[in-house]
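And the structure:
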């Protein structure tokens with residue numbers, strides 16, 4: 003074509019066209035890359051899927067065996083590291099310090115401190131941990147709080163306006179094991195009367211089982227209901 007210059011392949015000063023790799027060379031390269039990827043996968047699986055979990059488990063069992071195994075509590079208030087760990091005195095495991103229980107449903111409910119309301123399943127269901135997910139103005143939530151306020155005020159013989167928020171609303175998990183010191187204090191008179199104890203004795207047990215803020219600044223003071231109720235029961239056994 004006029005005005006167009008072309009240079010034949012192989013002319014000095016012009017690069018030769020790149021040769022395409024053969025099929026066998028491409029297959030060999032793919033095999034090498036696949037083998038390298040499998041080696042990396044194997045090493046990372048051993049490190050992160052076997053060695054690291056075993057290391058964490060081992061440190062937990064050596065340094066914090068109670069916490070690492072569910073924070074289980076026996077009926078005598080002592081700590082257990084498994085469901086079958088009854089201890090020297092044969093006291094059975096009755097729960098976890100991390101999971102609330104429905105003491106309000108017991109036959110002798112007036113003799114126990116009650117925890118926060120629960121919306122987990124039918125209440126305190128560890129397989130259905132959840133809150134109500136209802137907004138603060140939801141009519142159903144408002145009605146349940148009003149109903150709870152009236153029932154708790156009547157049960158504890160207190161002014162409905164004095165009930166703290168954790169007595170009326172469920173937690174996000176539905177499994178909170180703790181209540182505020184204010185809610186525990188409102189229940190002292192009722193528990194003491196039901197058990198025939200002096201209110202000062204029960205109030206002292208509440209004070210003994212009130213934990214402060216973590217590191218002095220994190221969170222709020224709180225009372226573990228299971229541990230408090232076990233201390234109450236065992237105190238009666240020791241001082242009939």
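Numbering (this note's numbering), first residue to last: 3 to 242.
Beta carbons are placed, not taken as given, at the ideal position from N, Cα and C, and that holds for glycine.
Predicted, not measured: the structure shown is a model, and the values here were computed from it.
Asked: Proximity below 8 Å, CB of residue 99 to CB of residue 105; Found: no
Asked: Secondary structure of residue 97, DSSP reduced to three states; Found: strand
Asked: Residue-chain proximity (residue 236, chain C), Cβ-Cβ < 8 Å; Found: The structure shown contains no chain C; it holds only a single protein chain.
Asked: Own chain partners of residue 81 with C-beta closer than 8 Å, once the 5 adjacent residues on each side are dropped; Found: 68, 73, 74 and 75
Asked: Residue 128 (DSSP reduced to helix, strand or coil); Found: coil
Asked: When 123, 102 and 183 are compared against residue 167, the one with the closest alpha-carbon; Found: 183
Asked: Residue environment, residue 140, which counts as buried when at least 16 other CB atoms sit within 10 Å; Found: exposed
Asked: Cβ-based neighbour list, residue 230, same chain, cut-off 8 Å, excluding 5 preceding and 5 following; Found: 115, 186, 207, 208 and 211
Asked: Residue 88 to residue 62 span [Cα, whole Å]; Found: 21 Å
Asked: Own chain, CB closer than 6 Å to residue 214, minus 5 neighbours either side, in chain order; Found: 223
Asked: Contact set for residue 226: own chain, Cβ-Cβ below 8 Å, skip 5 residues either direction; Found: 99, 179, 180, 211 and 213
Asked: Nearest candidate by alpha-carbon position, reference residue 128, set 54, 71, 91 and 175; Found: 175
Asked: Separation of residue 193 from residue 152, as counted between CA atoms; Found: 18 Å
Asked: Contact belief for residue 96 with residue 84 at Cβ below 8 Å, rounded distance in angstroms; Found: Actually they are not in contact, since the Cβ atoms of residue 96 and residue 84 sit about 14 Å apart, beyond 8 Å.
Asked: Residue 164 beta carbon less than 8 Å from that of residue 133; Found: no
Asked: Residue(s) in a DSSP beta bridge with residue 74; Found: 82 and 98
Asked: Boundaries of the beta strand (DSSP E) in which residue 2 is found, first to last residue; Found: As shown, the chain starts at 3 and ends at 242. That puts residue 2 outside it, with no answer to give.
Asked: Residue from 108, 131, 37 and 91 whose Cα sits closest to the Cα of residue 101; Found: 131
Asked: Cβ distance (whole Å) where residue 236 is taken to contact residue 60 below 8 Å; Found: The Cβ separation is near 34 Å, so there is no contact.
Asked: For residue 63, the three-state DSSP class (helix, strand or coil); Found: helix
Asked: Opposing strand residues paired with residue 213 [DSSP bridges]; Found: 224
Asked: Alpha-carbon to alpha-carbon, residue 27 and residue 34; Found: 11 Å
Asked: Helix, strand or coil at residue 180 [DSSP, three-state]; Found: strand
Asked: Chain-order list of residues whose beta-carbon lies under 8 Å from that of residue 238 (same chain, five-residue window excluded); Found: 197 and 199
Asked: Straight-line Cα distance separating residue 204 from residue 233; Found: 10 Å
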